[in-house]
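J.: Numbering (the working numbering), first residue to last: 228 to 396. Could you have a look at this structure, given as structure tokens, before my questions?
Structure below.
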């Protein structure tokens, strides 16, 4: 993913490119129209309109700002990992919990654990509130134990209750 920026006096133009997808915006609508004309002259492309969804990021544009969240992605990973019917947790990590190597703990399925961590890592693009808990749990991917899986599942339980939290800009 590549981000290009251009400033022209007080105006800013942002162009984000990911493989064959391009999103762009500006504080000046004329700059967007000019880029569209240049791009259509050089490449076969179609305009999809105002950005509402991109790479599992949902974008809600309002007069006073933009909200980026991943509610649909959260619903999808809850389904994939059989966590749809879980109880909601009020925080992503229990304050009294300390994760350790847990040498006497029971081993869990490494592939499943790593899959859950990978799904959660993708959420960190819009959810700084879970970054610490995910990174802590990610440390134990080599030899995950039940205590580690329980901590990861708590993050899922927290997400179930907070799917539309995101970044407000």
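In this text, a Cβ means the ideal position worked out from N, Cα and C, and glycines have one as well.
Can you list, in chain order, the residues of its chain with a C-beta nearer than 6 angstroms to that of residue 310? Leave out the 5 residues immediately preceding and following it.
T.: Residue 310 sits at position 83 when you count from the first residue of the chain shown. 383.
J.: Let me know if residue 364 comes out buried or exposed under the rule of 16 or more other beta-carbons within 10 Å of its beta-carbon.
T.: Translated into the one-based positions of the chain shown, residue 364 becomes position 137. Buried: at least 16 other Cβ atoms inside 10 Å.
J.: Rounded to the nearest angstrom, what separates residue 341 and residue 304 at their Cα positions?
T.: For the purposes of this step, residue 341 is identified with residue 114 of the chain shown, where counting begins at 1. For the purposes of this step, residue 304 is identified with residue 77 of the chain shown, where counting begins at 1. Each residue's Cα considered, the two are about 13 angstroms apart.
J.: Any idea which residues DSSP pairs residue 253 with across the strands?
T.: Within the chain shown, residue 253 is the residue found at index 26, counting from 1. Answer is 240.
J.: Tell me whether the region 317-335 and the region 265-273 touch, counting them as touching only if at least three CB pairs, one residue from each stretch, are closer than 8 angstroms.
T.: no
J.: Look at the alpha carbon of residue 348 and the alpha carbon of residue 358, and state the distance between them as a whole number of angstroms.
T.: Counted from its first residue, the chain shown places residue 348 at position 121. Counted from its first residue, the chain shown places residue 358 at position 131. Approximately 8 angstroms between the Cα atoms of the pair.
J.: Check residue 232 in the structure and name its three-state DSSP category.
T.: In the chain shown, counting from the first residue as 1, residue 232 sits at position 5. Reduced to three states, the DSSP call for residue 232 is strand.
J.: Thinking just about the alpha-carbon of each residue, which of 255, 272, 260, 250 is nearest to the one in residue 279?
T.: Taking the chain shown and counting its residues from 1, the one referred to as residue 279 is at position 52. With distances taken between Cα atoms, residue 279 lies closest to 250.
J.: How do the region 367-381 and the region 276-292 stand: do at least 3 beta-carbon pairs fall below 8 angstroms, yes or no?
T.: The region 367-381 vs the region 276-292: no contact.
J.: Does the Cβ of residue 339 have 16 or more other Cβ atoms within 10 Å, making it buried, or fewer, making it exposed?
T.: Along the chain shown, one-based indexing puts residue 339 at 112. Residue 339 counts as exposed, since fewer than 16 other C-beta atoms from the protein chains shown sit within 10 angstroms of its C-beta.
J.: Check whether the Cβ atoms of residue 393 and residue 296 sit closer than 8 angstroms, and answer yes or no.
T.: The count along the chain shown starts at 1 and reaches residue 393 at position 166. The count along the chain shown starts at 1 and reaches residue 296 at position 69. Residue 296 sits close to residue 393, with the two beta carbons spaced by under 8 angstroms.
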